[in-house]
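Engineer: Got a structure for you, written out below as structure tokens; questions coming shortly.
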Amino acid sequence: MGARVARMFRNVNIENRVHREISKEKPRAAPRHMADIPEVEATTESVHQKNDPLLALLKSVYVESKDPVAAAEGQKEVTAVAELQRRPLKYSLPGDLYGQRELTDVPKGKLTIAEALKALSSHQRQPQDWTVEKISQEYWLDLKETQALVQFFMPFQVHIIPPKTDSVKQIKSS
Numbered sequence: 181m182g183a184r185v186a187r188m189f190r191n192v193n194i195e196n197r198v199h200r201e202i203s204k205e206k207p208r209a210a211p212r213h214m215a216d217i218p219e220v221e222a223t224t225e226s227v228h229q230k231n232d233p234l235l236a237l238l239k240s241v242y243v244e245s246k247d248p249v250a251a252a253e254g255q256k257e258v259t260a261v262a263e264l265q266r267r268p269l270k271y272s273l274p275g276d277l278y279g280q281r282e283l284t285d286v287p288k289g290k291l292t293i294a295e296a297l298k299a300l301s302s303h304q305r306q307p308q309d310w311t312v313e314k315i316s317q318e319y320w321l322d323l324k325e326t327q328a329l330v331q332f333f334m335p336f337q338v339h340i341i342p343p344k345t346d347s348v349k350q351i352k353s354s
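Given below as structure tokens:
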């Protein structure tokens with residue numbers, strides 16, 4: 181109840197008070213303090229004076245620059261080495277998956293999602309044939325990373341549990 185009363189007194193005649201504040205002239209700014217400003221002539225003289233120790237240090241500086249063309253050639257060499265470090269895909273999903281372009285090769289030590297699912301499901305179905313060592317050799321992966329992949333990741337499994345009685349209604353395919 182007290183908040184209502186306080187709000188009523190606060191909002192009484194608010195428009196007139198606002199117009200009165202707006203119509204007031206702005207207060208004049210306080211005068212600035214007169215500081216000891218050095219003369220401009222003294223400043224320009226110190227700029228044009230030579231400082232011998234600084235000149236000696238400047239003469240000892242040696243700058244060597246390289247052409248951007250040479251840097252581009254070095255970059256081409258790096259990309260050529262990176263291209264050698266790629267491997268062709270072992271397995272890919274048919275069609276244009278999620279609107280992404282079709283990959284033809286991947287860097288060594290990397291897997292696509294389709295390859296990872298294929299390797300994991302093969303290991304899950306036939307662990308004697310698809311061992312961790314064989315997967316790491318097949319896809320050029322690190323053995324330690326492949327062990328972690330097989331240990332901690334598992335592809336989805338679908339289990340269809342039949343009903344216990346025949347009286348339960350089932351959805352039939354149309």
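Sequential numbering from 181 applies to the sequence shown in my numbering.
Don't be surprised by glycine CBs; every beta carbon is placed ideally from N, CA and C.
So, using beta-carbon positions, are Met334 and Leu297 closer together than 8 Å?
Structural biologist: Not a contact, by the Cβ cut-off of 8 Å.
Engineer: Is DSSP giving Val185 helix, strand or coil here?
Structural biologist: Looking at Val185 - three-state DSSP - the assignment turns out to be helix.
Engineer: Determine the direct distance from the alpha carbon of Leu269 to that of Ser347, and round the result to whole angstroms.
Structural biologist: Cα-Cα distance, rounded: 50 Å.
Engineer: What number of angstroms, rounded off, separates the C-alpha of Asp309 from the C-alpha of His303?
Structural biologist: The alpha-carbon atoms of Asp309 and His303 are separated by roughly 8 Å.
Engineer: How far does the alpha helix (DSSP H) with Arg212 in it reach, from first residue to last?
Structural biologist: Premise fails: Arg212 is in no alpha helix (DSSP H) and is neither H nor E.
Engineer: For the alpha helix (DSSP H) that Val330 lies in, which residues bound it at each end?
Structural biologist: Start and end: 323-332.
Engineer: Would a C-beta distance cut-off of 8 Å place Lys288 and Gln265 closer than the cut-off?
Structural biologist: Going by C-beta atoms, Lys288 is nearer than 8 Å to Gln265.
Engineer: Starting from Pro233 and walking both ways along the alpha helix (DSSP H), at which residues does that stretch end?
Structural biologist: 232-239 is the extent of the alpha helix (DSSP H) around Pro233.
Engineer: Using the beta-carbon count (16 or more within 10 Å), is Gln340 buried or exposed?
Structural biologist: Looking at the sequence provided, one finds Ile at residue 340 rather than Gln. It counts as exposed.
Engineer: Which same chain residues end up closer than 6 Å to Ser226 when comparing Cβ atoms and leaving out the 5 residues on each side of it in sequence?
Structural biologist: Counting only Cβ-Cβ distances below 6 Å, and skipping sequence neighbours, we find nothing.
Engineer: What residue range is occupied by the uninterrupted alpha helix (DSSP H) comprising Val286?
Structural biologist: Val286 -> not in any alpha helix (DSSP H); beta strand (DSSP E) instead, spanning 285-287.
Engineer: Could you name the residues of the same chain whose beta carbon sits closer than 7 Å to that of Glu327, not counting the 5 residues immediately before and after it, in chain order?
Structural biologist: According to the sequence as given, residue 327 is Gln; it is not Glu. Excluding positions up to five away in sequence, the list reads Val312.
Engineer: Taking the beta strand (DSSP E) that Arg267 falls in, what are its first and last residues?
Structural biologist: Element bounds for Arg267: 266-268.
Engineer: Rounded to the nearest angstrom, what separates Val243 and Asp232 at their Cα positions?
Structural biologist: Rounded to whole angstroms, Val243 to Asp232 spans 21 Å at the Cα level.
Engineer: What's the call for Leu321, buried or exposed, on a 16-neighbour Cβ count within 10 Å?
Structural biologist: Leu321 should be labelled buried.
Engineer: In whole angstroms, what separates the C-alpha of Ser316 from that of Thr345?
Structural biologist: Answer to the nearest angstrom: the Cα atoms are 47 Å apart.
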